[in-house]
Structure formats: C-alpha cells, structure tokens
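I have placed the structure first, in the form of structure tokens, so that the comments after it can refer back to it.
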Amino acid sequence: MSSPLTQLRKGHWLPPRDPRTVDWKLAGNVPFITTVILFYIYVVKFVGPRFMKGREPFKCLRPLIMVHNAAMIVVNVYFLFAIGSRTHFGGGASFFCQGLDLSGSTTSIEKDSHVSVLHVGHHVMVVFTGWFGLTYGPDGQAVLMVHVNTFVHVVMYTYYFLTLLGPRFMRYLWWKRYLTQLQIAQFIFMLVHAPIPLFVDCGYPPAQVLVIMSQVAFYFVMFVRFYMQAYRKRAKAV
1 MSSPLTQLRK
11 GHWLPPRDPR
21 TVDWKLAGNV
31 PFITTVILFY
41 IYVVKFVGPR
51 FMKGREPFKC
61 LRPLIMVHNA
71 AMIVVNVYFL
81 FAIGSRTHFG
91 GGASFFCQGL
101 DLSGSTTSIE
111 KDSHVSVLHV
121 GHHVMVVFTG
131 WFGLTYGPDG
141 QAVLMVHVNT
151 FVHVVMYTYY
161 FLTLLGPRFM
171 RYLWWKRYLT
181 QLQIAQFIFM
191 LVHAPIPLFV
201 DCGYPPAQVL
211 VIMSQVAFYF
221 VMFVRFYMQA
231 YRKRAKAV
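Residue 1 is where the sequence shown starts when you use the UniProt record's numbering, and the numbers rise one by one after that.
What follows is the structure, given as structure tokens:
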C-alpha cells in the first residue's frame with residue numbers, strides 16, 4: 001500500500017466517501033455547501049452592515065445573545081465529556097452544530113461593528129471543514145484536535161457571556177489576553193498533531209489533513225497578528 005504522501009503525488013486527493021454518511025442528503029452535496037457559504041458571506045458582509053448603518057445596537061437582543069453564549073457553553077461541555085469517553089463521534093455529528101457556529105456572526109452585525117476577515121474566514125472554514133469531514137470521515141486524527149478545541153470554546157464562550165453581564169463584571173475579565181494565548185497554543189498543537197497521517201499510514205484521508213492544516217494555519221497567522229496588534233502596541237504605549 002502506498003504512503004499517504006505518495007497517494008497525493010499521484011493525484012489521489014479525495015478518498016472514498018465515508019460509508020456511514022454516504023446516504024446523507026447534505027453530506028457530499030457541493031451545491032448545498034456552496035450556497036450556504038455564499039449566502040452567509042452575503043448576509044454578514046453586505047446585508048447586515050447595510051441594515052445596521054446609522055442604527056443603534058439592538059439592546060433588546062442582549063438576552064438572546066446571552067442565551068446563545070450560555071447554550072454554546074453547555075453544548076461544548078457536553079461534547080467535551082462525550083468525546084472524551086469515546087474514540088469516535090458515533091454518528092453524533094450534525095449540521096445543526098455548524099449552523100449554531102454561523103449564528104455567532106449576528107452578534108457583530110447587531111453591534112454595528114466591523115465583521116473582520118478573521119471572523120468571516122473562521123466561520124466559513126469551520127462549516128466547510130465540518131461538511132468535508134462528514135463526507136469523507138468525521139473521526140480519526142481530527143478527534144483529539146476537536147477535543148482540545150471544545151475545551152477552548154468552553155473558556156471562550158464563558159468570557160463572552162461574562163462581558164454581557166455589565167460594567168461591574170469587567171474587573172473579572174482581566175484574563176482576555178491569556179484567552180488569546182490559549183487559542184494560539186491550541187493552533188500550535190494542531191499544526192504539530194494534524195500532519196502525522198501524511199507520514200504514518202493510519203488510514204486517515206490525506207486530503208482531509210491538508211484541509212485541516214490550511215484552516216489551522218490561517219487561524220494561527222490571524223490570531224498572532226491580532227495578539228501583536230492588541231497587546232504589543234498597548235505595552236509600548238504604556
């Protein structure tokens with residue numbers, strides 16, 4: 001059997017469909033995922049900002065955003081323990097979770113704030129990678145990275161939730177800088193862990209490794225750039 005890198009050099013980019021999801025109507029459906037991504041970009045980059053231009057943020061949506069953040073904490077805690085007690089997803093993957101991920105962009109639009117390239121790129125890549133994984137294999141090498149990322153999301157959404165509790169809680173949010181450091185650390189771990197199947201044949205699709213690595217590399221560069229701009233410049237100013 002040829003090595004994973006040899007398979008890629010021979011042009012064998014895509015593995016066979018995962019038999020567990022081959023009958024799923026949306027997995028492997030290119031028009032579907034293309035439509036979802038393009039519609040999302042259109043809404044968050046054009047429709048939403050145009051609608052919110054000159055308007056005050058909708059304060060009435062704050063309770064809904066708090067519920068969203070609290071729900072994401074609960075969901076990620078559940079998956080943190082569920083993944084930890086299994087060696088695979090066991091069919092528990094769902095397009096519903098990717099939909100929840102996309103819904104996070106409405107917070108930035110509602111505040112009439114700039115929806116950054118990092119923000120849009122992150123959500124587009126997460127949804128595409130989830131779709132690609134369900135099509136060609138949602139478990140294997142990615143599970144440990146998902147487990148780590150789930151823990152980071154618990155911390156992240158806890159921070160988001162606390163920011164909505166009012167000014168009196170701001171003094172408890174001194175650890176934002178360390179949250180960014182935690183996010184960068186997970187990307188370094190992923191960049192080391194993800195490419196292993198390219199050199200060791202463990203039955204994981206090489207193409208999926210490349211998809212994951214390109215996504216993580218993008219996150220790493222953008223988060224480091226944000227960290228340098230947000231904290232190094234602030235330190236020089238002080």
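C-beta atoms are modelled at their ideal positions from N, C-alpha and C, and glycine is treated no differently.
- At a Cβ-Cβ threshold of 7 Å, Y227 and T180 count as neighbours.
- In chain order, F161 and L164 place their CB closer than 7 Å to the CB of M66, counting only its own chain and leaving out the 5 sequence neighbours on each side.
- Only residues of its own chain outside the window of five on either side were considered, and among them Y231 have a CB closer than 6 Å to the CB of R177, listed in chain order.
- Within the segment 113 to 195, there are no complete beta strand (DSSP E) runs of at least 3 residues.
- Spanning the alpha carbons of N76 and M145 requires a straight line of approximately 14 Å.
- The C-beta of G137 has 16 or more other C-beta atoms within 10 Å across all chains shown, which makes the residue buried.
- By the C-beta density criterion, G166 is exposed, having fewer than 16 other C-beta atoms within 10 angstroms.
- Three or more beta-carbon pairs separated by less than 8 Å link the segment 121 to 139 to the segment 204 to 224, which places the two stretches in contact.
- Within the same chain, Cβ atoms closer than 6 Å to the Cβ of T21 are found at A27 and L134, the five residues on either side in sequence being excluded.
- Note on geometry: alpha-carbon atoms of V43 and V152 lie some 27 Å from one another.
- The beta carbon of L191 sits closer than 6 Å to those of V216, all from its chain and outside the five residues before and after it, given in chain order.
- If you draw a 10 Å sphere on the C-beta of D23, you find fewer than 16 other C-beta atoms in it, and that means exposed.
- Within 10 angstroms of the beta-carbon of G130 lie 16 or more other beta-carbons, which makes it buried.
- With a threshold of 16 other beta carbon atoms within 10 Å, M170 falls short and is exposed.
- Linking V200 to F223 through their CA atoms gives a straight-line distance of about 29 Å.
- Boundaries of the alpha helix (DSSP H) harbouring R50: G48 to M52, taken from the DSSP string.
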